[in-house]
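**Student:**
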Amino acid sequence: MNEMARLQKRRLALYGWMLAAPALALMSLFAFYPAIATFWHSLFTRGTSRRPSVFAGFENYGDLFADPTFWTVATNNLIYAGVTIPVSIMFALVMALWANAHIPARSFVRSAYFTPTILPMIAAANLWLFFYTPDLGVIDQITGFFGASPTNWLGQPETALASVIIVTIWKEAGFFMIFYLAALQTIPPDLREAARIEGAGRWTYTRRVLLPLLMPTTIFVFVNAMINSVKLIDHLFILTKGGPNNASKLILYWVWEMAFAYFDSPHAAAMTILVLLALGLVAVAQFRLVEKRTHYR
Amino acid sequence: MTDQSPFIRITSVSRVFNGGNGVHDLSLDIPRGSFVVLLGPSGCGKSTTLRLIAGLETADQGSIAIDGKDVTSTPPSKRGLSMVFQSYALFPHLSVAENIVFGLKVRKTKKDEIKTRLEDALRVTGLEGYEDRKPAQLSGGQRQRVALARAIVAGHPLCLMDEPLSNLDAKLRHAVRKDIRDLQQRLGITVVYVTHDQTEAMSMADIVILMKDGRIEQVGDPADLYLKPATAFAAGFVGSPPMTLIPANALPANVIPGGFDANTLTFGIRPEDLVLSTDPKAIKTGIPATVTGSEFLGAETFVFVAIPGTEGATGRLPGRVEISPGTEVSLSWAGAAAHWFDGEGGHRLTPTVPGTSAQDTKITSQPDTATSTL
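So the sequence lines, in the order shown, correspond to chains A and B.
Following numbering that gives the first Met the number 0, the numbering of the first sequence begins with 0 at its first residue and continues without gaps.
Following numbering that gives the first Met the number 0, the numbering of the second sequence begins with 0 at its first residue and continues without gaps.
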């Protein structure tokens, strides 16, 4: 009898592994192996036909920290993330609340908000390229109407990063709005009525009931926004190519440049590992701090 | 209770929705300290009426006054009332205690007062020890009590309840029914309670307001509704099993009271007033019918019979009665037990000359023998 139970337990464990196997195989092939291979690759010097690649330890990482471009790119990316994440989440929330209210032409408002998301990145970037065109673009047409002189929004270091940030917010807010909209629709209208009877105004209801109930969505959206902030590359190809003078260069674009423009894959690998490390740390912090306070139904 | 003016006065209020449901020209007085049940089938406007009192809906026409003050356009929070929702509407992210004191906190009540009121509410509803649980960790009955506690914690004189028991199982429903009634009496508050369950209405209410299609069908205490239904609808809605309603022209002419037109008349009889007899002598005088089936419920047996030209009738006989489908029986009743309704509006008619029915004398003399012969 005891033997039987043990056998059964073992069989269950086997089933578990069998069920996990396909996902495990794919993940290993496309995620775990590349990550480990990248790490391994980052520990060697760049090989040429004259000087073969040799083990260099963490020398590549040291090179990165010594490179002023690294600090520029890291700062750029921090600013980029620090602005796009909160602002696009806030816009998404406000738009969702608006599109969820009983307003005329509700479905039009929803689809209008969502349109930027369904545009291909390259198309959206080209659109904005036109907006930003000095003198001829929509933005300069408007500012010119009020007497401002033409500005090369994408071509000068002071405004290049901000211009890229605005495009990202424009594109992401509508996407995140969909998640908030879906979450809002799962909140029963009774709760609002109960709150109204208890004397809670619109703001109190939003703060004490709505926002806490939207917390799981906020976390999901936040994680997505964070990943996106180190993933942005296609806009840069069209809009600024990281310039001028690295003013709008972000991490992934720089990694791409190192690997495929200068063919310096060990340094690119080292940079990739640093990004992975940073993302991992933020993820851990997130789970530790925020998850505990979040209510999941 | 010495105050004679009604606690809630609704004056010709209308609220119509695009879908068609709503209430039409509704007028209603609710006395202070009473337990009033709004009863009716779904879509009859009972919930709309409650929401109008709550202020969650605004009246298109008419006025609503609570405690002598016109509140027609007052927001819900200023009407001095609380509400228990069908879904309970508990805030899922807040603990039991936080849920209960939500309104007090919003209204910036003093900390120590919140504490004493919370303790009172927890004690009254028997929720002590559950303060820190989240609604998801509670059973249906406990959630219901949290909703009750939230409704009574502020001490409002009026509590509105929208089908608060419909999500509970039958056994619990029975117990909570009594609890709610006790609570209302102990606190001396006015309760307006919406339900579609006539058993709930009959067992809890001081006053039942029966509604249909956005209008009031009948207002009265439970006994009134049962014994003197104002309309055929009221007769059919109240009572379980419901009153048998059959067109009078399917009955022999001699049972129709004088002065009534059988062609536009509906006859009603409560199942317990229907006498079934298999006695050959009775068959000749009573209304012939055929048994189609029966249900044994322990203390009583329901017998279903088919009467030609009608949808059939139900009889309720005490104890266990063995009667097989297909048995020919004769139906009769005491004359006073019959209800008559006119054909158009279904309004109740009272025979001008009582006891004109030929069956009267015969039936009252032998109801017991009639059942025992089965």
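Cβ atoms here follow ideal geometry from the backbone N, Cα and C, with glycine treated the same way.
In this text the structure is predicted, and so the values were computed from the model without any measurement.
1. Give the interface partners of Leu68 of chain A over in chain B, defined as CB-CB distance under 8 Å, in chain order.
2. In the DSSP assignment, find the alpha helix (DSSP H) that holds Ala34 of chain A and state where it starts and stops.
3. Around the C-beta of Glu216 of chain B, are 16 or more other C-beta atoms found within 10 angstroms, so that it is buried, or is it exposed?
4. Report, in whole angstroms, the separation of the C-beta atoms of Pro156 of chain A and Pro243 of chain A, which I expect to be a contact under 8 Å.
5. Under 8 Å Cβ to Cβ from Asp220 of chain B, same chain only, skipping five residues before and after it: list those, please.
6. Report buried or exposed for Met17 of chain A, applying the criterion of at least 16 other Cβ atoms within 10 angstroms of its Cβ.
7. For Arg214 of chain B, which residues from the same chain have a beta carbon less than 8 Å from its beta carbon, with the 5 sequence-adjacent residues on both sides left out?
8. Name the DSSP beta bridge partners of Cys158 of chain B, please?
9. Beta carbons nearer than 7 Å to chain B: which residues of the region 206 to 226 of chain A have them?
10. Flag this pair as yes or no: are the beta carbons of Ala98 of chain A and Arg109 of chain A separated by less than 8 Å?
11. Please tell me whether Asp367 of chain B has its Cβ less than 8 Å away from any Cβ of chain A.
12. Taking beta-carbon pairs under 7 Å, can you tell me which members of the region 89 to 113 of chain B lie near chain A?
13. If the cut-off is 9 Å on Cβ atoms, which residues from the region 91 to 104 of chain A count as contacting chain B, listed in chain order?
14. Helix, strand or coil for Ala19 of chain A? Go by DSSP, reduced to three states.
15. With a CB to CB cut of under 6 Å and the five nearest residues on each side skipped, what residues in its chain are close to Leu348 of chain B?
16. Could you tell me the distance, in whole angstroms, from the CA atom of Ala193 of chain A to the CA atom of Ala233 of chain B?
17. Report buried or exposed for Glu171 of chain A, applying the criterion of at least 16 other Cβ atoms within 10 angstroms of its Cβ.
18. Over what stretch of residues does the alpha helix (DSSP H) that includes Gln141 of chain B continue unbroken?
19. Classify Trp374 of chain B as helix, strand or coil using the three-state DSSP reduction.
20. Phe84 of chain B touches chain A at which residues, Cβ-Cβ below 8 Å?
21. Between Leu137 of chain B and chain A, is the shortest Cβ-Cβ distance under 8 Å, so that the two count as touching?
22. Would Val320 of chain B pass as a contact of Thr289 of chain B if the rule is Cβ separation under 8 Å?
23. Please classify Ile168 of chain A as buried or exposed, where buried requires at least 16 other C-beta atoms within 10 Å of its C-beta.
24. By the DSSP assignment, the alpha helix (DSSP H) with Gly102 of chain B in it spans what residues?
25. Here's the rule: buried if 16 or more other CB atoms are within 10 angstroms of the residue's CB, otherwise exposed. What is Phe16 of chain B?
26. Starting from Ser162 of chain A, follow the alpha helix (DSSP H) in both directions and report where the run begins and ends.
27. Cβ atoms of Gly187 of chain B and Gly32 of chain B: under 8 Å apart, would you say?
28. Since Ala53 of chain B meets chain A, which of its residues come closer than 7 Å, beta carbon to beta carbon?
29. Could you pull out every unbroken alpha helix (DSSP H) segment of at least 4 residues lying fully inside the region 212 to 267 of chain A, listed in chain order?
30. What is the DSSP secondary structure of His173 of chain B, counted as helix, strand or coil?
31. Counting C-beta neighbours from all protein chains within 10 Å, is the total for Ala20 of chain A 16 or more, i.e. buried, or is it exposed?
32. Taking Lys133 of chain B as the reference, give the member of B:Thr124, B:Asn98 and B:Leu121 with the closest Cα.
33. Are the C-beta atoms of Thr185 of chain A and some chain B residue less than 8 Å apart?
34. Please confirm if Ala199 of chain A has its CB atom under 8 Å from at least one CB of chain B.
35. Where does Gly279 of chain A sit, in a helix, a strand or coil, going by DSSP?
36. Which of the three DSSP states is assigned to Pro246 of chain B in this structure?
**Tutor:** Taking the definition as stated:
1. The residue given as residue 68 of chain A occupies position 69 in the first sequence. The amino acid at residue 68 of chain A is misidentified as Leu; the sequence shows Thr. Residues of chain B passing the Cβ test: none, with the nearest at roughly 46 Å.
2. As a position in the first sequence, residue 34 of chain A is number 35, starting the count at 1. Taken as a continuous stretch (DSSP letters only), the alpha helix (DSSP H) holding Ala34 of chain A covers Tyr32 to His40.
3. Within the second sequence, the letter at position 217 stands for residue 216 of chain B. By the neighbour-count rule (16 or more Cβ atoms within 10 Å), Glu216 of chain B is buried.
4. Here residue 156 of chain A corresponds to residue number 157 of the first sequence, with the count starting at 1. Here residue 243 of chain A corresponds to residue number 244 of the first sequence, with the count starting at 1. Rounded, the Cβ-Cβ distance is 5 Å, consistent with contact.
5. What you label residue 220 of chain B is simply residue 221 of the second sequence in a count that begins at 1. Ala204, Asp205, Ile206 and Val207, listed in sequence order.
6. Position 18 of the first sequence, counting from 1, holds the residue named residue 17 of chain A. Label assigned to Met17 of chain A: exposed.
7. Against the second sequence, residue 214 of chain B aligns to sequence position 215. Same-chain partners within the cutoff: Val22, His23, Asp24, Leu25 and Gly44.
8. Reading the second sequence from its first residue, position 159 is the one you call residue 158 of chain B. Looking at the DSSP assignment, Cys158 of chain B forms a beta bridge with B:Ser81 and B:Val190.
9. Val208, Pro211 and Leu212
10. The sequence position of residue 98 of chain A within the first sequence is 99, counting from 1. The sequence position of residue 109 of chain A within the first sequence is 110, counting from 1. The answer is yes: Cβ separation under 8 Å.
11. As a working note, residue 367 of chain B is residue 368 in the second sequence. Reliability of the predicted coordinates at Asp367 of chain B is poor, the pLDDT of 39 falling under 50, and the value obtained from them is presented with this limitation in mind. Answer no: the Cβ-Cβ gap between Asp367 of chain B and chain A never drops below 8 Å.
12. Phe90, Pro91, His92, Phe101, Gly102, Val105 and Arg106
13. none
14. Locating residue 19 of chain A in the first sequence gives position 20, counting from the first residue. The answer is helix: DSSP assigns Ala19 of chain A an H, G or I state.
15. Taking the second sequence and counting its residues from 1, one reaches residue 348 of chain B at position 349. Excluding residues within five positions, the ones whose Cβ falls inside 6 Å are Trp339 and Asp341.
16. Mapped onto the first sequence, residue 193 of chain A falls at position 194. Mapped onto the second sequence, residue 233 of chain B falls at position 234. Cα to Cα, the separation comes out at about 32 Å.
17. Here the question's residue 171 of chain A lines up with position 172 in the first sequence. Buried, since its Cβ has 16 or more Cβ neighbours within 10 Å.
18. Looking up residue 141 of chain B in the second sequence gives position 142. Its alpha helix (DSSP H) spans residues Gly139 to Ile151.
19. Given that chain B is displayed from residue 0 to residue 373, the structure contains no residue 374 of chain B and the question cannot be resolved.
20. Here residue 84 of chain B is taken as the residue at index 85 of the second sequence, counted from 1. Under the 8 Å cutoff, chain A gives Asp189, Glu192 and Ala193.
21. The residue you call residue 137 of chain B lines up with position 138 of the second sequence. Not closer than 8 Å to any Cβ of chain A, the Cβ of Leu137 of chain B fails to qualify, so no.
22. Position 321 of the second sequence holds residue 320 of chain B. Position 290 of the second sequence holds residue 289 of chain B. Cβ distance not < 8 Å, so Val320 of chain B and Thr289 of chain B don't count as in contact.
23. Here residue 168 of chain A corresponds to residue number 169 of the first sequence, with the count starting at 1. So Ile168 of chain A ends up on the buried side.
24. As a position in the second sequence, residue 102 of chain B is number 103, starting the count at 1. First-last of the alpha helix (DSSP H) with Gly102 of chain B: Phe101 to Val105.
25. As a first step, residue 16 of chain B is located in the second sequence; it is residue number 17 there, counting from the start. Result: exposed.
26. For this step, residue 162 of chain A is matched to residue 163 along the first sequence. Note, Ser162 of chain A: alpha helix (DSSP H), Pro156 to Thr185.
27. For the purposes of this step, residue 32 of chain B is identified with residue 33 of the second sequence, where counting begins at 1. For the purposes of this step, residue 187 of chain B is identified with residue 188 of the second sequence, where counting begins at 1. Contact flag set, yes.
28. Residue 53 of chain B sits at position 54 when you count from the first residue of the second sequence. Ordered by position in chain A, the residues that pass the 7 Å Cβ test against Ala53 of chain B are Ile196.
29. 233 to 238 and 250 to 255
30. Taking the first residue of the second sequence as 1, we reach residue 173 of chain B at position 174. Helix, per DSSP.
31. Taking the first sequence and counting its residues from 1, one reaches residue 20 of chain A at position 21. So Ala20 of chain A ends up on the exposed side.
32. Within the second sequence, the letter at position 134 stands for residue 133 of chain B. Of B:Thr124, B:Asn98 and B:Leu121, the residue nearest in Cα terms is B:Asn98.
33. Here residue 185 of chain A refers to the residue found at position 186 of the first sequence. No, no contact with chain B.
34. Position 200 of the first sequence, counting from 1, holds the residue named residue 199 of chain A. So, interface residue.
35. Position 280 of the first sequence, counted from the first residue, corresponds to residue 279 of chain A. Correct three-state label for Gly279 of chain A: helix.
36. Within the second sequence, numbered from 1, the residue matching residue 246 of chain B stands at position 247. Correct three-state label for Pro246 of chain B: strand.
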